[in-house]
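**Student:** Its first residue numbered 5, the sequence shown is counted upward by one per residue in the working numbering.
This structure is in C-alpha cells; I'll ask about it shortly.
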Amino acid sequence: MSPEPRPGRRVAVTSPRTAAARRPRYPATREIDEQTHLGEVYMGSLLRTQFRLALFVCTVLACVVGGLPLLFLLIPELRAVHLLGVPLPWAVLAGLIYPAFVIGAWLYVRQAERNERHFADLVDRP
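Structure, rendered in C-alpha cells:
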C-alpha cells in the first residue's frame, strides 16, 4: 500500500508574456469613419447586400407588371371575365396591383432594415 501524497504548496502558473503589450483593438466603426481599407470592405459588403435586395425587388416587379399583360394576351378567356362590372384586366392592372406594390414595398423596407441591423451587429462586435 502506497502512502498518501502530502498536500504540497500551491503554485500559480503564469505565462511569461503577461507583461507583453496588447495590441489595441479598434472597433469597426472607427475603421469606417477613418475610411480605411477594412472600412471600405465593410461598407462595400453592406452596399452589395442592399443592391442585391433592390435588384430582386425590381426583378419581381418587372415580372409582375410585364407578366400580367402577357397572361391576358395568352389566355383570352380571362379578358372576358368581369369583376364587379369591370373587365378583369382593367381591374387587376388599375386597382388590384397597387396593394401588391404596397405590400412589396413594406417587405422591401423590412428586409433592408434587417440587413442594416445585421451590419450594425457585425460592426459593433467587440
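Positions of the beta carbon are idealized from the N, C-alpha and C atoms, including for glycine.
1. Report the option in H41, V17, R13 and Q54 whose CA atom is closest to the CA atom of E117.
2. Per DSSP, L87 is paired with what?
3. Which residues in the same chain have their Cβ closer than 6 Å to the Cβ of G50, if we skip the five residues on either side of it in sequence?
4. Going by other Cβ atoms of all chains shown within 10 Å of its Cβ, with 16 needed for buried, is F60 buried or exposed?
5. At the level of alpha carbons, what is the spacing between Y46 and L82?
6. Can you tell me whether DSSP reads L54 as helix, strand or coil?
7. Taking DSSP as the reference, what is the three-state secondary structure of E120?
8. In chain order, what residues of the same chain lie with their CB nearer than 8 Å to the CB of H86, ignoring the 5 residues before and after it?
9. Do you know how far the Cα of N119 is from the Cα of Y102?
10. Would you mind giving the Cβ-Cβ distance between G108 and L57, rounded to the nearest angstrom? I have them listed as a contact below 8 Å.
11. Indicate whether L72 and L97 have their beta-carbon atoms separated by less than 8 Å.
**Tutor:** Reading from the atomic positions:
1. The count along the sequence shown starts at 1 and reaches residue 117 at position 113. Minimum Cα distance to E117 is reached at Q54.
2. Counting from one through the sequence shown, the residue named residue 87 turns up at place 83. For L87, the beta-bridge partners assigned by DSSP are V90.
3. Position 46 of the sequence shown, counting from 1, holds the residue named residue 50. It should be pointed out that residue 50 corresponds to Leu in this sequence rather than to Gly. Around L50: F123.
4. Within the sequence shown, numbered from 1, the residue matching residue 60 stands at position 56. It is exposed - the Cβ of F60 has fewer than 16 other Cβ atoms within 10 Å.
5. As a working note, residue 46 is residue 42 in the sequence shown. As a working note, residue 82 is residue 78 in the sequence shown. Taking the straight line joining both Cα atoms gives about 50 Å.
6. Taking the first residue of the sequence shown as position 1, residue 54 is located at position 50. Residue 54 is actually Gln in this sequence, not Leu. In the structure shown, Q54 sits in a helix (DSSP, three-state: H, G or I).
7. Taking the sequence shown and counting its residues from 1, the one referred to as residue 120 is at position 116. Collapsing the DSSP output to three states places E120 in a helix.
8. Here the question's residue 86 lines up with position 82 in the sequence shown. So the qualifying residues of the chain are L92.
9. In the sequence shown, counting from the first residue as 1, residue 102 sits at position 98. In the sequence shown, counting from the first residue as 1, residue 119 sits at position 115. When rounded, the distance between both Cα atoms is 26 Å.
10. Taking the first residue of the sequence shown as 1, we reach residue 108 at position 104. Taking the first residue of the sequence shown as 1, we reach residue 57 at position 53. The pair is not a contact, with the Cβ atoms about 12 Å apart (cut-off 8 Å).
11. Start at 1 with the first residue of the sequence shown, and residue 72 comes out as number 68. Start at 1 with the first residue of the sequence shown, and residue 97 comes out as number 93. Yes, Cβ-Cβ distance for L72 and L97 is below 8 Å.
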